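For the protein sequence lines, the chains are A and B, in the order given.
Here our numbering is used: the first sequence runs in plain steps of one and ends on residue 756.
Here our numbering is used: the second sequence runs in plain steps of one and ends on residue 595.
Don't be surprised by glycine CBs; every beta carbon is placed ideally from N, CA and C.
Every value quoted in this text rests on a predicted model; they were computed, and no experiment measured them.
Have a look at the structure below, then the notes.
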Amino acid sequence: MEIVIAALVGFLVAGGAYLMMSGQLIRFLFGLVLLSNAANLGIFAAGRMTYATPPFVPEGSTEAVAGAANALPQALILTAIVIGFGLLAFALALAFRAWQSLGTVEMDAMRACEPLDPPKTVPAPSAPRLEAAE
Amino acid sequence: MILVWPIAIPMITAILTLLLRNRGGANAVSLLGAVALLFSGLALLQAVLSGGPISAQMGGWEAPFGITLFADILSAAMVVIAGIVGVAVIVYSQFDVTDDERRVGFHPLSHALLLGVCGAFLTGDIFNLYVWFEVMLIASFGLLVIGGRRDQIDAAVKYVGLNLVATLAFLTGVGILYGAAGTLNMADLHLVLAERQSETAVLASAALLLFAFGAKAAMFPVFAWLPASYHTPAFATSALFAALLTKVGVYALLRVFTVVYDGGGGFVQPILLIGAVLTMVIGVLGAAAQNDVRRILSFHIISQIGYMVLGLALFTPLAIIGAIFYLFHHIIVKANLFFVAGLIKLKAGSEELNKIGGLLKASPFLAVLFLIPALSLAGIPPLSGFWAKFIIVQATLEAQDWWVALAALAVGLITLFSMTKIWLAAFWKDHPDPDHDLAQAMPRTMIGPIAVLAVMTVIIGLGAGPLYAVAEEAAVTLLDPLAYVEVVLGPEVAETARAERAALQLAEVVE
Chain A
623 MEIVIAALVG FLVAGGAYLM MSGQLIRFLF GLVLLSNAAN LGIFAAGRMT YATPPFVPEG
683 STEAVAGAAN ALPQALILTA IVIGFGLLAF ALALAFRAWQ SLGTVEMDAM RACEPLDPPK
743 TVPAPSAPRL EAAE
Chain B
85 MILVWPIAIP MITAILTLLL RNRGGANAVS LLGAVALLFS GLALLQAVLS GGPISAQMGG
145 WEAPFGITLF ADILSAAMVV IAGIVGVAVI VYSQFDVTDD ERRVGFHPLS HALLLGVCGA
205 FLTGDIFNLY VWFEVMLIAS FGLLVIGGRR DQIDAAVKYV GLNLVATLAF LTGVGILYGA
265 AGTLNMADLH LVLAERQSET AVLASAALLL FAFGAKAAMF PVFAWLPASY HTPAFATSAL
325 FAALLTKVGV YALLRVFTVV YDGGGGFVQP ILLIGAVLTM VIGVLGAAAQ NDVRRILSFH
385 IISQIGYMVL GLALFTPLAI IGAIFYLFHH IIVKANLFFV AGLIKLKAGS EELNKIGGLL
445 KASPFLAVLF LIPALSLAGI PPLSGFWAKF IIVQATLEAQ DWWVALAALA VGLITLFSMT
505 KIWLAAFWKD HPDPDHDLAQ AMPRTMIGPI AVLAVMTVII GLGAGPLYAV AEEAAVTLLD
565 PLAYVEVVLG PEVAETARAE RAALQLAEVV E
């Protein structure tokens, strides 16, 4: 089972990386979605995949039943899914707003914050006027 | 309980300011929250300085099962500095941040950012560290876009994109680490991984975390998000980002690569060393090519991060102390320079060097307030930056890394060049537009924080001895992770580990 999950993770990361390098904002976001799912599956596999009983604690006892599954990876993934969902929802809204205000989703054309025009040379500093000192 | 306040206070303040929105009380509540955070930090520092590092288990779950909060002098001092920056930023924002930005949540987002930052400084659990990083990240996303200008949206796209990739690397690294070690508590991880540093899974997780923290700290080559975004938001926001965000990355590197991983061995050390030198050099060269005050300062953040990482990379006691000292000094100085940039814009009408000038004659006081942090950044004695650079360079000389020492000194020189460039363009030369009115009054809420931080820079410079002693004590838990283990898991566990290690060493000697 681990092999299948590992291969799936590899497949998702490859697909995600391919999409992210395509230079288009929407594809970049889809790449992020794939990558975040790959990360979640990775944690799932790291928690060992076994045919185990649900991790319940019998009444009156303080220990889980014997052979119980490890509940922690699920808890971690749940946290990561919630966080990832929030971040991706924000990123999607941001992409839409970027398309609205910049008129493009091509990464190479998005230069509003770092314009490409050549840096203007700073004029040589003139000495402060002497009359000011006098 | 004292450990919880620096996390609870920004959380409560964020909620209150969110409820108040733009009503009259929001500014006062926000300022009160920042001051309360500063005092909770001071109380924590006081407790740690007098009684040694402390830890607490959240929800009553024993370590290593529950979430551990941990504070030593390093974490407590970082919380104090975050509090200082928080107060300064909220005061400065009174004039600088527009009503629109306030209405859509400047105050709640700022406090949420402080919440994430303080949480990251205080946690002793690596998954919890991931969660605090996310809190910090989503708050910073919000702060970047609340202005809604075209360039701000564009900057946010780059910032969000690269930071999300780093975050996913962090998450994957934590997953692999958990798979290898079966625990997430950093003290427990230290014990479990002590003899297993060269296992493939451990190395893979170390590489992923190195990438993630490196990107957060804006190390070469993953720094592109920083100069793309830091010059776009309000000045108060820029200063908050410049002071704290990258430093959380450096703090995480310092903590995780001393306690969890052995930063001084294996493949990590050469990567850190080469990365640190390239970060210093590329950052400062990037700054030399810029023509806009805040973009110059942004590239200098990258360059200065190199010095801090260099301290970790050398991994000698003196170098670690130097990195901590640098961290303390840099936050104050960098926030101040961004504050000054705001006043330059206010008085001279622009941030582009060829469109401004004449400020020396118009306001000699502002010129002095610029010179203090600027010369400190470049490392001119007797200001704080001189001592920070001095300790780091001394450590490189002791390690006999001559070329690294040379790079560190050369970068200092080019930093001075950049600061001179701003000085000449903004203060010395005349304003290119002779009709421009430079007499614009400087609001007290803007000049006040600048003056206070400048005084702090001078005090750190003149009183470098006591601060060095604090940094020296702050380095204890980094240099001896078992001291960290002792606080979190109890003295018996640490004693057993110490005895085991001594026995192992003895066995090696006998062989």
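Practice task
Give a yes or no on contact between the region 218-235 of chain B and the region 721-735 of chain A, applying the rule of three or more CB pairs nearer than 8 Å.
Solution key: A contact exists between the region 218-235 of chain B and the region 721-735 of chain A.
Handout entry: Nearest neighbour of B:A299, chosen from B:V424, B:I99, B:I165, B:I389 [CA to CA]
Key = What you label residue 299 of chain B is simply residue 215 of the second sequence in a count that begins at 1. Measuring from the Cα of B:A299, the nearest candidate turns out to be B:I389.
Handout entry: Cβ neighbours of A:L752 in the same chain (closer than 8 Å, five flanking residues each side left out)
Key = Counted from its first residue, the first sequence places residue 752 of chain A at position 130. Only weak support exists for where A:L752 lies, its pLDDT of 48 falling under 50; the value from the coordinates is given anyway. So the list is empty, once near-sequence residues are dropped.
Problem - Cβ-based contacts, 9 Å cut-off: residues of the region 232-245 of chain B near chain A - result: Listed by position, the residues of the region 232-245 of chain B near chain A (Cβ gap below 9 Å) are G232, R233, R234, D235, Q236, I237, D238, A239, A240, V241, K242, V244, G245.
Problem - Closest residue to B:L402 among B:A140, B:A553, B:I168 (Cα-Cα distance) - result: Residue numbering aside, residue 402 of chain B sits at position 318 when the second sequence is read from its first letter. The residue among B:A140, B:A553, B:I168 with its C-alpha nearest the C-alpha of B:L402 is B:A553.
Practice task
Could you check what DSSP says for A:F707 in three-state terms: helix, strand or coil?
Solution key: Mapped onto the first sequence, residue 707 of chain A falls at position 85. Assigned with DSSP and collapsed to three states, A:F707 falls in helix.
Problem - Nonlocal neighbours in the same chain, by C-beta distance under 7 Å from B:A285, ignoring five residues either side - result: Against the second sequence, residue 285 of chain B aligns to sequence position 201. Taken in chain order, the residues that qualify are I260, G263, A264.
Problem - Limits of the unbroken beta strand (DSSP E) element including B:A154 - result: What you label residue 154 of chain B is simply residue 70 of the second sequence in a count that begins at 1. One point to set straight first is that residue 154 of chain B is Phe, not Ala, in the sequence displayed. 152-155 is the span of the beta strand (DSSP E), which, as asked, contains B:F154.
Exercise for the section: Closer than 8 Å, Cβ to Cβ, to anything on chain A: give me those residues from the region 309-327 of chain B, in chain order. Expected result: If the cut-off is 8 Å between Cβ atoms, the region 309-327 of chain B has P311, A312, S313, H315, T316 near chain A.
Exercise for the section: Leaving aside the five residues before and after B:V569 along the sequence, list all residues of the same chain whose C-beta is less than 7 Å from its C-beta, in chain order. Expected result: In the second sequence, residue 569 of chain B corresponds to position 485, counting from 1. Counting only residues of its own chain and dropping the five nearest sequence neighbours on each side, B:V569 has a CB closer than 7 Å to the CB of A271, H274, L275, V577, A578, A581.
Practice task
Using a Cβ-Cβ cut-off of 9 Å, state whether A:R670 counts as contacting chain B.
Solution key: Taking the first sequence and counting its residues from 1, one reaches residue 670 of chain A at position 48. Residue contact with chain B for A:R670: present (Cβ-Cβ distance below 9 Å to some residue of chain B).
Problem - B:A239 to A:A717 span [Cα, whole Å] - result: Along the second sequence, one-based indexing puts residue 239 of chain B at 155. Along the first sequence, one-based indexing puts residue 717 of chain A at 95. Approximately 12 Å between the Cα atoms of the pair.
Handout entry: 9 Å Cβ cutoff met for B:L421 and B:V488
Key = Within the second sequence, the letter at position 337 stands for residue 421 of chain B. Within the second sequence, the letter at position 404 stands for residue 488 of chain B. Result no, Cβ atoms of B:L421 and B:V488 do not sit closer than 9 Å.
Practice task
To the nearest angstrom, report how far apart B:K445 and B:I416 are at their CA atoms.
Solution key: Position 361 of the second sequence, counting from 1, holds the residue named residue 445 of chain B. Position 332 of the second sequence, counting from 1, holds the residue named residue 416 of chain B. Rounded to whole angstroms, B:K445 to B:I416 spans 27 Å at the Cα level.
Handout entry: Listed by chain order, chain A residues near B:I260 by CB distance under 9 Å
Key = Position 176 of the second sequence holds residue 260 of chain B. Around B:I260, the beta-carbon contacts reaching into chain A at under 9 Å are G664, I665, A668.
Problem - Span of the alpha helix (DSSP H), counted from its first residue to its last, around B:A523 - result: Here residue 523 of chain B refers to the residue found at position 439 when the second sequence is read from its first residue. Here B:A523 belongs to no alpha helix (DSSP H), and DSSP marks it neither H nor E.
Problem - B:V306 versus B:Q281, B:S322, B:L588, B:A250, residue with shortest Cα-Cα distance - result: In the second sequence, residue 306 of chain B corresponds to position 222, counting from 1. When each option's Cα is compared against that of B:V306, the closest is B:A250.
Handout entry: Selection from B:F123, B:A290, B:R186 that minimises the alpha carbon distance to B:R107
Key = For this step, residue 107 of chain B is matched to residue 23 along the second sequence. Residue B:R186 is the option with its Cα nearest to B:R107.
Problem - Inter-residue spacing [alpha-carbon to alpha-carbon] between B:A549 and B:A559 - result: To locate residue 549 of chain B, count along the second sequence from 1; it is residue 465. To locate residue 559 of chain B, count along the second sequence from 1; it is residue 475. A quick correction: the sequence has Gly, not Ala, at residue 549 of chain B. The alpha-carbon atoms of B:G549 and B:A559 are separated by roughly 15 Å.
Handout entry: Collapsed DSSP secondary structure at A:E753 in the structure displayed
Key = Here residue 753 of chain A refers to the residue found at position 131 of the first sequence. The predicted model places A:E753 with a pLDDT of 47, which falls under 50 and marks its position as unreliable; any figure quoted below should be read in that light. Three-state DSSP puts A:E753 in a helix.
Practice task
Pull out every residue of the region 249-281 of chain B whose Cβ sits closer than 7 Å to any Cβ of chain A, in chain order.
Solution key: Answer set for the region 249-281 of chain B: L252, L255, T256, G259, I260, Y262, G263.
Handout entry: chain B contact for A:M623 (CB, 9 Å cutoff)
Key = Numbered from 1 along the first sequence, position 1 holds the residue referred to as residue 623 of chain A. Output row for A:M623: interface = no.
Handout entry: B:Q141 and B:G150 closer than 9 Å at C-beta
Key = The residue given as residue 141 of chain B occupies position 57 in the second sequence. The residue given as residue 150 of chain B occupies position 66 in the second sequence. Yes. Within cutoff.
Exercise for the section: Determine the contact status of B:V171 and B:L122, defining contact as a CB-CB distance below 9 Å. Expected result: Working through the second sequence from its first residue, we reach residue 171 of chain B at position 87. Working through the second sequence from its first residue, we reach residue 122 of chain B at position 38. Pairing B:V171 with B:L122 gives a Cβ-Cβ distance under 9 Å.
Handout entry: Which of helix, strand or coil DSSP assigns to A:S683
Key = The residue given as residue 683 of chain A occupies position 61 in the first sequence. In the three-state reduction of the DSSP assignment, A:S683 falls in the coil class, being assigned neither a helical nor a strand state.
Practice task
Provide the residue(s) that pair with B:D209 in DSSP beta bridges, ordered along the chain.
Solution key: Counting from 1 along the second sequence, the entry for residue 209 of chain B is found at position 125. Beta-bridge pairing links B:D209 to B:N269.
Handout entry: Whether B:E218 touches A:I705 by CB criterion (9 Å)
Key = Position 134 of the second sequence holds residue 218 of chain B. Position 83 of the first sequence holds residue 705 of chain A. Yes, these two residues count as a Cβ contact at 9 Å.
Handout entry: Where B:Q141 falls: helix, strand or coil (DSSP)
Key = Here residue 141 of chain B refers to the residue found at position 57 of the second sequence. In this structure, B:Q141 counts as strand in the three-state DSSP scheme.
Practice task
Measure from the C-beta of B:I476 to each C-beta in chain A and report whether the shortest distance is under 9 Å.
Solution key: Locating residue 476 of chain B in the second sequence gives position 392, where the first residue counts as 1. Closer than 9 Å: no.
Exercise for the section: Could you check the C-alpha separation between B:V424 and B:I544 for me, to the nearest Å? Expected result: As a position in the second sequence, residue 424 of chain B is number 340, starting the count at 1. As a position in the second sequence, residue 544 of chain B is number 460, starting the count at 1. The alpha-carbon atoms of B:V424 and B:I544 are separated by roughly 19 Å.
Handout entry: A:A639 and B:T256 closer than 9 Å at C-beta
Key = In the first sequence, residue 639 of chain A corresponds to position 17, counting from 1. In the second sequence, residue 256 of chain B corresponds to position 172, counting from 1. Cβ distance not < 9 Å, so A:A639 and B:T256 don't count as in contact.
Exercise for the section: Pull up the distance between the alpha-carbon of B:A127 and that of B:I86, whole angstroms please. Expected result: Along the second sequence, read from residue 1 onward, the residue named residue 127 of chain B stands at position 43. Along the second sequence, read from residue 1 onward, the residue named residue 86 of chain B stands at position 2. Using only the alpha carbons, I get a separation of about 8 Å.
Practice task
Under 9 Å between beta-carbons, which chain B residues line up against A:R649? List them in chain order, please.
Solution key: Sequence index remark: in the first sequence, residue 649 of chain A carries index 27 (1-based). Going along chain B, no residue has its Cβ under 9 Å from A:R649, so there is no contact; the nearest lies around 12 Å.
Practice task
Kindly list the residues whose CB is nearer than 7 Å to the CB of A:E756, restricted to its own chain and excluding five residues on each side of it in sequence; keep chain order.
Solution key: Taking the first residue of the first sequence as position 1, residue 756 of chain A is located at position 134. Caution applies to A:E756, whose pLDDT of 39 falls short of 50 and renders its modelled position unreliable; the value that the coordinates give is listed next. Answer for A:E756: no residue qualifies.
Handout entry: Extent of the continuous alpha helix (DSSP H) to which B:E557 belongs
Key = The residue you call residue 557 of chain B lines up with position 473 of the second sequence. Element bounds for B:E557: 548-558.
Practice task
Taking 8 Å as the threshold, find out whether the region 342-357 of chain B comes into contact with the region 195-203 of chain B through three or more Cβ pairs.
Solution key: No: the two stretches stay apart, fewer than three of their Cβ pairs being nearer than 8 Å.
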